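Reviewing the structure listed below.
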Amino acid sequence: MNNDNLIDIKNLSKTFKGAFEPAVKDVSFSIKRNEIFGLLGPNGAGKTTTISILCGLFPPTSGKVIIDGMYLHNDVDQIKKIVGVVPQDIALYPTLTARENLNFYGHMYGLKGKTLKNKIEVWLSNFGLTDAANRRISTYSGGMKRRVNLIAGVLHNPKILFLDEPTVGVDVQSRNVIIEYLKELNKSGTTIIYTSHHMDEAEHFCSRVAIIDNGQIIVEGTPKQLITDNSGCTNLESVFLKLTNKALRD
Ligand SMILES: Nc1ncnc2c1ncn2[C@@H]1O[C@H](COP(=O)(O)OP(=O)(O)O)[C@@H](O)[C@H]1O
Ligand SMILES: [Mg+2]
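Residues in the sequence shown are numbered consecutively from 1277, following the working numbering.
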């Protein structure tokens, strides 16, 4: 194992109960400390399945994962303490306000009192949500919900942040706020792993990417490297088209 690696994934496979085909097939890759790593691929490629395994939501069928020197199958509770998760589906209570939702998540992470209150206020303000903080989530736009969803995943200052398609269904304004904020978070020392099917966004955001299709990693490298290595390609989207022979399904 390379010591620069914060996460090592070895021969990971997952076959869901009753499924004929594995959703993830023999996937291996590593994530270095302080990277912004993109796991990119079309819908159904296996991105959510991979991320869900990495953050301990369910176990793989086979393979192993080492996170910050700990084996996922032994130390899942320890690992959960240093990891933040922003799931693809919004995980907020619609009848509670943004502030109440964040209070709930803060307590879940063991935060409380003034510390929690201050953190919530700072995050709400960073994301331009202070004025709307006492409104129920059910009255929020998609972009606003995404921003609250994101805050819920970072309240406890995780060392590693997993985000599953954080910019899907988001207006341009929220999208820019989210991307810029994630860059800041990364500068302050958080390793970021994100999934997306937006090659253009990932090309500008990620320090390194892996392209996954049909449950398998096709290629891995810096966006620049992948574009240079594939003759005739001028961007990540064209690299994807060339290597998979298919357009991105939406
Ligand atoms: N809980 C599940 N049970 C059965 N099949 C699943 C489940 N979750 C995902 N799948 C299947 O696994 C494959 C990969 O899905 P997923 O990881 O969600 O892809 P992505 O996030 O890249 O869109 C798909 O064929 C999907 O239908
Ligand atoms: Mg998904």
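Note that CB positions come from ideal geometry on N, CA and C, so glycine has one too. It should be emphasised that the depicted structure is a prediction, and the values quoted were computed from it without experimental measurement.
Remark: fewer than three beta-carbon pairs, one from each stretch, lie closer than 8 Å, so the region 1386-1401 and the region 1453-1470 are not flagged as touching. At a Cβ-Cβ threshold of 7 Å, Phe-1481 and Ile-1455 count as neighbours. For the options Leu-1431, Asp-1353, Thr-1337, Leu-1512, the alpha carbon positioned closest to that of Gly-1314 is the one of Leu-1512.
Here Thr-1373 has Ala-1409, Asn-1410, Arg-1411, Arg-1412, Ile-1413 as same chain residues with Cβ atoms under 8 Å from its own Cβ, once five neighbours each way along the sequence are excluded. Taking Lys-1395 as reference, the option from Ala-1367, Gly-1429, Lys-1357, Val-1485 with the minimal CA-CA separation is Gly-1429. Between Pro-1499 and Glu-1477, the C-beta gap is not smaller than 7 Å, which leaves the two residues out of contact. Secondary structure note for Asn-1310: it is in no alpha helix (DSSP H), with a DSSP letter that is neither H nor E. Bridge partners of Ala-1486 according to DSSP: Leu-1315, Glu-1496. A contact is defined here as three or more CB-CB pairs under 8 Å, and the region 1482-1491 meets this definition with respect to the region 1295-1306. Take the alpha-carbon of Pro-1363 and the one of Leu-1426: they are about 9 Å apart. With a beta-carbon spacing of about 5 Å, Ser-1289 and Ser-1338 fall inside the 8 Å limit used to define contacts. Between Gly-1360 and Pro-1434, the C-beta spacing is below 7 Å. Annotation: the region 1350-1390 contains the following complete segments of the alpha helix (DSSP H) (minimum length 4 residues), in chain order: 1352-1358, 1374-1384. For the options Arg-1423, Ser-1306, Thr-1504, Thr-1471, the alpha carbon positioned closest to that of Asp-1440 is the one of Thr-1471. In this model, Lys-1340 and Thr-1406 are separated by some 42 Å (Cα to Cα).
Per the C-alpha coordinates, the member of Arg-1423, Tyr-1416, Gly-1418 positioned closest to Phe-1403 is Arg-1423.
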